[in-house]
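**Q** Handing you a structure now.
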Amino acid sequence: MIDLKFDRVSKKYRIYQESGVEASPSKLQRVTRRLWGNGNDFWALRDVTFEVKRGEALGIIGQNGAGKSTILKLLYNITAPTKGRISINGRLAALIEVASGFHPDLTGRENVYLNGSLLGMKRREISKKLDSIVDFAGVSAFIDTPVKRYSSGMYLRLGFSIAAHLDPDILLLDEVLAVGDAEFQSKCIERIDQLRKAGTTIVFVSHNLGAVEGLCDRVFLLRKGEIFRSGLPRYVISEYEHMLTNMPASAPARLTGTVASPAAIISSVAFLNSNGRKTTMFATGDEARVEVEYIVRDSFEDAVIEVYFYSIFGNLHTHFSTDVDGSRVDLAPGRGIIEFLCPDLPFEAATFNVEASIRRRGSSFSEHLDHKHAACVNITRGKAVHGAFHTPHTWRMKSLERQESDDAAADAVVKQSD
Amino acid sequence: MRPLDSSAINHEVGRSGVRPISEILPPSFSGVNLLGHLSKLLQYRDLIWTLSVHRIKVRYKQSVLGIFWAILQPISMMLIFTFIFSLIAKMPSEGAPYAIFAYTALLPWNYFSSGVSNATTSLVSHAQFVTKVYFPREILPITYIIAALFDFGVASTLLAGLMIYYHVPLTINALYAIPIILVLTCFALAMSFFLSATQVRFRDIGVAVPLLLQVWLFATPVIYPLSAVPARWQPLYLLNPMVGIIESFRQGILRGAAPETRYLALSAAISVILLVASYLYFKLVEATMADFV
């Protein structure tokens with residue numbers, strides 16, 4: 000049984016540039032251009048054909064602008080294709096956060112009815128699920144309070160919880176795990192699992208390669224609006240990683256201090272697991288090695304090498320520096336490798352953009368000699384993290400009642416067992 | 000560790016036997032899908048109901064006078080018009096007291112004008128819905144028309160009061176109000192579909208509509224009787240569907256007579272044709288609305 004079918008689907012967007020290449024056109028020209036529809040065409044999807052079988056979980060990966068969200072928008076009927084035909088067999092729903100549609104003056108309960116029916120639920124169905132929706136969001140005590148008095152977290156959780164209570168035949172997922180705290184996220188993952196086990200067909204669009212590999216049976220790699228690769232998650236994901244790692248290192252716009260002819264350059268950055276194999280897939284608690292290979296023209300004293308971990312939204316998560324660690328690094332002329340070893344990766348399951356830079360000690364962050372986007376590193380669920388991070392640790396039990404024999408009541412040391 | 004079992008979703012993952020099959024195609028203007036559109040709309044009747052109730056609730060929430068605002072608007076217009084056109088300008092009102100003469104027309108006019116002006120901006124003001132969730136988008140303008148119809152009902156109670164006060168007898172012909180309001184609703188929907196869909200691309204509409212409605216008020220026999228319009232202009236004048244609607248409403252309620260059939264029939268014909276055309280236009284624009292809104 001085929002649940003979803005794209006038949007030579009193309010989607011064109013028209014971009015109206017306010018200030019074009021040519022000298023700013025007159026108002027009249029702009030108006031006529033709009034009326035006649037002369038803008039720059041951008042093909043978000045070109046001739047895309049695929050099928051998704053019933054019960055299959057399809058992952059779609061690719062860089063921003065590759066057409067991932069366009070596929071979801073077309074499936075969800077938010078917008079129509081320019082060419083081609085899409086067939087959908089079954090009730091389709093998207094697991095999206097709908098809190099932006101809340102009316103601040105209405106109570107939580109009223110908003111659940113409003114947004115539930117927006118998502119296509121019947122009033123009777125909402126009444127039946129109301130308690131569960133409210134419980135899931137953890138806002139039971141405030142259900143008759145106007146949502147304008149909610150915290151932003153409560154707001155988002157309630158919005159998401161409504162969508163999580165849909166029972167679709169086909170489920171669309173779009174970066175769902177970016178909502179709420181770890182506790183709420185794990186509930187969402189549980190819900191997705193539940194639907195998956197019940198045979199729901201799933202289309203999952205994400206930058207979180209670990210999550211895609213964990214959930215999906217098949218993965219598409221989109222590139223410039225076309226399906227570039229399709230196949231088993233492991234192969235397609237590693238192909239994508241390869242593509243990302245071999246991208247010509249482009250200095251992001253915010254890094255302006257790069258010197259034209261640097262005394263030192265980073266020639267490559269590699270990620271290795273405990274077996275010494277190159278990869279960008281890790282789990283929380285894994286050993287990870289980052290090898291930063293550099294080329295130095297003349298001997299370069301007192302260098303600082305740094306590795307940055309950014310969230311996919313661009314926030315700096317943490318950074319490691321040879322400067323902070325206190326060690327002095329002198330680089331001899333020629334090629335060399337400096338290795339960053341992390342025996343126990345502390346990160347929660349997520350995707351990180353890792354960057355590496357080289358600079359002189361005492362210079363500011365922006366004055367580095369070279370800077371490279373190293374890779375998109377995916378951390379999957381390894382050692383349990385219910386919160387932001389994991390750290391190596393032990394547990395120790397102490398008895399407060401020291402009576403007869405000290406030796407019998409000796410402190411019991413319990414090792415962490417994951 | 001599964002920390003939150005107590006609050007996991009417990010209801011069954013429902014596997015209803017019927018799986019709807021749908022096809023999404025590039026937008027095209029055709030009447031073939033009219034029935035399909037309507038049956039889809041019917042599936043979303045719960046949303047129409049919830050959103051309409053929501054509109055009414057939100058409008059009067061945190062306001063002291065609440066529902067009385069629905070009466071206050073036509074009544075203040077009535078008082079102003081009575082003052083200007085009756086006391087100062089001595090406008091003819093075909094023998095009826097000017098206040099009730101104006102109010103019987105202001106009531107349906109206000110329904111039309113407030114419904115259409117709110118519905119026009121409905122898509123743009125709900126951009127967060129339109130770009131995130133699928134539902135038949137015509138529901139947004141429809142619910143504003145329903146909310147305006149509700150206000151019309153509330154404001155009608157004052158008409159009843161005025162009729163008692165001025166000793167205007169209620170006859171069986173007042174029942175004509177029902178088909179007249181139906182025609183008016185069709186026409187209001189036709190205008191709303193066209194204007195709201197166009198406003199998504201051209202925000203000028205949002206600014207133009209209040210002006211349009213102002214001019215339109217004077218092109219409709221609200222403050223003056225139809226008989227005041229020179230006979231040679233009447234054929235052209237009657238092409239405005241609001242003329243037949245307002246005149247028939249006044250005829251049925253105020254004069255207790257059956258409305259002139261050809262006036263009402265003309266308005267009904269124009270309204271229905273426009274409704275079908277503007278609905279199909281709306282569905283054509285709807286397909287890619289989210290790209291522009």
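Protein sequence lines correspond, in order, to chains X and L. Okay, so the first sequence: first residue is 0 according to numbering that gives the first Met the number 0, each after it adds one. Okay, so the second sequence: first residue is 0 according to numbering that gives the first Met the number 0, each after it adds one. By construction, the Cβ of each residue, glycine as well, lies at the ideal position given by its N, Cα and C atoms. Remember, it's a predicted structure, so these values are computed and weren't measured experimentally.
Just to make sure I have the definition right: I need the residues of chain X whose C-beta is within less than 7 Å of the C-beta of Lys60(L). Which are they?
**A** Translated into the one-based positions of the second sequence, residue 60(L) becomes position 61. Under the 7 Å cutoff, chain X gives Asp104.
**Q** Could you give the DSSP three-state label for Ile188(X): helix, strand or coil?
**A** Here residue 188(X) is taken as the residue at index 189 of the first sequence, counted from 1. It is helical.
**Q** In chain order, what residues of the same chain lie with their CB nearer than 7 Å to the CB of Ser9(X), ignoring the 5 residues before and after it?
**A** On the first sequence, residue 9(X) is found 10 positions in, with the first residue counted as 1. Cβ within range, chain order: Trp42, Leu44, Arg45, Asp46, Pro80, Thr81, Lys82, Gly83.
**Q** Could you pull out every residue in the same chain whose Cβ sits closer than 6 Å to the Cβ of Met432(X), ignoring the five residues on either side in sequence?
**A** Lying outside 0 to 417, the shown extent of chain X, residue 432(X) is not represented and no answer is given.
**Q** Taking 8 Å as the limit between beta carbons, can you name the residues of its chain near Arg7(X), skipping five residues before and five after?
**A** Working through the first sequence from its first residue, we reach residue 7(X) at position 8. If we look at Arg7(X) and ignore the five residues flanking it on each side, its Cβ neighbours are Asp46, Val47, Thr48, Lys82, Gly83, Arg84.
**Q** Along the chain, where does the beta strand (DSSP E) containing Ser124(L) start, and where does it finish?
**A** Counted from its first residue, the second sequence places residue 124(L) at position 125. Here Ser124(L) belongs to no beta strand (DSSP E); instead the alpha helix (DSSP H) covers 121-124.
**Q** Just checking, does the stretch 288-304 of chain X make contact with the stretch 220-231 of chain X on the three C-beta pairs under 8 Å criterion?
**A** No: the two stretches stay apart, fewer than three of their Cβ pairs being nearer than 8 Å.
**Q** Given a cut-off of 7 Å on the beta-carbon distance, is the pair Ile104(L) and Met77(L) in contact?
**A** Reading the second sequence from its first residue, position 105 is the one you call residue 104(L). Reading the second sequence from its first residue, position 78 is the one you call residue 77(L). According to the sequence shown, residue 104(L) is Ala rather than Ile. No.
**Q** Give me the Cα-Cα distance between Pro258(L) and Leu172(X), rounded to the nearest whole angstrom.
**A** For the purposes of this step, residue 258(L) is identified with residue 259 of the second sequence, where counting begins at 1. For the purposes of this step, residue 172(X) is identified with residue 173 of the first sequence, where counting begins at 1. Cα to Cα, the separation comes out at about 58 Å.
**Q** Measure the CB-CB distance between Val328(X) and Thr317(X) and report whether it falls below 7 Å.
**A** To locate residue 328(X), count along the first sequence from 1; it is residue 329. To locate residue 317(X), count along the first sequence from 1; it is residue 318. Cβ atoms of Val328(X) and Thr317(X): not closer than 7 Å.
**Q** Check the C-beta distance from Glu137(L) over to Phe192(L) and give it rounded, since I have them as a contact under 8 Å.
**A** Position 138 of the second sequence holds residue 137(L). Position 193 of the second sequence holds residue 192(L). 6 Å between Cβ atoms; contact.
**Q** Counting only the same chain and skipping the five closest in sequence on each side, list residues whose C-beta sits under 6 Å from that of Gly66(X).
**A** On the first sequence, residue 66(X) is found 67 positions in, with the first residue counted as 1. If we look at Gly66(X) and ignore the five residues flanking it on each side, its Cβ neighbours are Ala43, Leu44, Leu221, Gly224.
**Q** Any idea if Phe141(X) is buried or exposed, counting beta-carbon neighbours within 10 angstroms, 16 or more meaning buried?
**A** On the first sequence, residue 141(X) is found 142 positions in, with the first residue counted as 1. By the neighbour-count rule (16 or more Cβ atoms within 10 Å), Phe141(X) is buried.
**Q** Hey, quick one: how far does the alpha helix (DSSP H) through Glu212(X) stretch, first residue to last?
**A** Against the first sequence, residue 212(X) aligns to sequence position 213. It spans 208-214 - the alpha helix (DSSP H) in which Glu212(X) sits, taken as one unbroken run.
**Q** Short check: CB of Asn114(X) to CB of Val146(X), under 7 Å?
**A** On the first sequence, position 115 is the one that residue 114(X) refers to. On the first sequence, position 147 is the one that residue 146(X) refers to. Not in contact: Asn114(X) and Val146(X) (Cβ atoms no closer than 7 Å).
**Q** Going along the chain, which residues of its own chain have a beta-carbon closer than 8 Å to the beta-carbon of Thr130(L), five neighbours each way excluded?
**A** Translated into positions along the second sequence, residue 130(L) becomes position 131. The answer, listed in chain order, is Ala289, Val292.
**Q** Buried or exposed for Tyr234(X), please, with buried defined as at least 16 other CB atoms from any protein chain shown within 10 angstroms of its CB.
**A** Residue 234(X) sits at position 235 when you count from the first residue of the first sequence. That one is exposed.
**Q** Does DSSP put Arg53(X) in a helix, a strand or coil?
**A** Start at 1 with the first residue of the first sequence, and residue 53(X) comes out as number 54. Coil, per DSSP.
**Q** Just checking my contact of Ile204(L) with Leu212(L) at CB under 8 Å: how many whole Å lie between their CB atoms?
**A** As a working note, residue 204(L) is residue 205 in the second sequence. As a working note, residue 212(L) is residue 213 in the second sequence. The pair is not a contact, with the Cβ atoms about 12 Å apart (cut-off 8 Å).
**Q** Mark Ala286(L) as exposed unless 16 or more other C-beta atoms lie within 10 angstroms of its C-beta, in which case mark it buried.
**A** Mapped onto the second sequence, residue 286(L) falls at position 287. Ala286(L) comes out buried.
**Q** Since Ser126(X) sits in a beta bridge, which residues does DSSP pair it with?
**A** The count along the first sequence starts at 1 and reaches residue 126(X) at position 127. According to DSSP, Ser126(X) bridges with nothing at all.
**Q** DSSP three-state label for Pro19(L), please.
**A** Here residue 19(L) corresponds to residue number 20 of the second sequence, with the count starting at 1. Coil at Pro19(L), not helix or strand.
**Q** So which residues on chain L does Ser99(X) lean against when the C-beta distance must stay under 9 Å?
**A** Stepping through the first sequence from its first residue, residue 99(X) is reached at position 100. Per Cβ cutoff of 9 Å: Gln127, Phe128, Lys131.
**Q** Note down, in chain order, every chain L residue with its Cβ under 9 Å from the Cβ of Ser86(X).
**A** Here residue 86(X) corresponds to residue number 87 of the first sequence, with the count starting at 1. Here the neighbours are Ile20, Ser21, Glu22, Ile23.
**Q** Please decide whether Thr49(L) counts as near chain X, where near means a Cβ-Cβ distance under 7 Å.
**A** Locating residue 49(L) in the second sequence gives position 50, where the first residue counts as 1. Chain X, which has a Cβ nearer than 7 Å to the Cβ of Thr49(L), makes this yes.
**Q** Measure from the C-beta of Pro26(L) to each C-beta in chain X and report whether the shortest distance is under 7 Å.
**A** Numbered from 1 along the second sequence, position 27 holds the residue referred to as residue 26(L). Judged by the 7 Å Cβ criterion, Pro26(L) is in contact with chain X.
**Q** Between the stretch 389-397 of chain X and the stretch 342-349 of chain X, do three or more beta carbon pairs fall short of 8 Å?
**A** A contact exists between the stretch 389-397 of chain X and the stretch 342-349 of chain X.
**Q** Ala286(L) versus chain X: which residues are under 8 Å apart at the beta carbon?
**A** Taking the first residue of the second sequence as position 1, residue 286(L) is located at position 287. Those within 8 Å of Ala286(L) in chain X are Thr78, Ala79.
**Q** Taking 7 Å as the CB-CB limit, is Lys121(X) close to chain L?
**A** In the first sequence, residue 121(X) corresponds to position 122, counting from 1. Yes - at least one Cβ of chain L is within 7 Å of the one on Lys121(X).
**Q** Helix, strand or coil, according to DSSP, for Asp297(X) in the structure here?
**A** Mapped onto the first sequence, residue 297(X) falls at position 298. Correct three-state label for Asp297(X): coil.
**Q** Residues in its own chain within less than 8 Å of Thr106(X) by CB, not counting five upstream and five downstream?
**A** For the purposes of this step, residue 106(X) is taken as residue 107 along the first sequence, with counting starting at 1. Within the same chain, Thr106(X) has close Cβ partners Ile142, Asp143, Thr144, Pro145, Val146.
**Q** Give the range of the alpha helix (DSSP H) segment to which Met120(X) is assigned.
**A** In the first sequence, counting from the first residue as 1, residue 120(X) sits at position 121. Note, Met120(X): premise wrong, no alpha helix (DSSP H); not H, not E.
**Q** Going by other Cβ atoms of all chains shown within 10 Å of its Cβ, with 16 needed for buried, is Glu182(X) buried or exposed?
**A** Here residue 182(X) refers to the residue found at position 183 of the first sequence. Counting Cβ neighbours within 10 Å, Glu182(X) comes out exposed, since fewer than 16 surround it.
**Q** Any contact between the stretch 273-290 of chain X and the stretch 372-381 of chain X? By contact I mean 3 or more CB pairs, one from each, below 8 Å.
**A** Taking 8 Å as the limit for Cβ pairs, the verdict is that the stretch 372-381 of chain X does touch the stretch 273-290 of chain X.
**Q** Confirm, please, whether the CB-CB distance from Ala118(L) to Pro91(L) is below 7 Å.
**A** Within the second sequence, numbered from 1, the residue matching residue 91(L) stands at position 92. Within the second sequence, numbered from 1, the residue matching residue 118(L) stands at position 119. Cβ atoms of Pro91(L) and Ala118(L): not closer than 7 Å.
**Q** Measure the alpha-carbon distance for Leu117(X) versus Lys127(X) and round it to whole angstroms.
**A** The residue labelled residue 117(X) in the question sits at position 118 within the first sequence. The residue labelled residue 127(X) in the question sits at position 128 within the first sequence. If you take the alpha carbons of Leu117(X) and Lys127(X), they lie about 17 Å apart.
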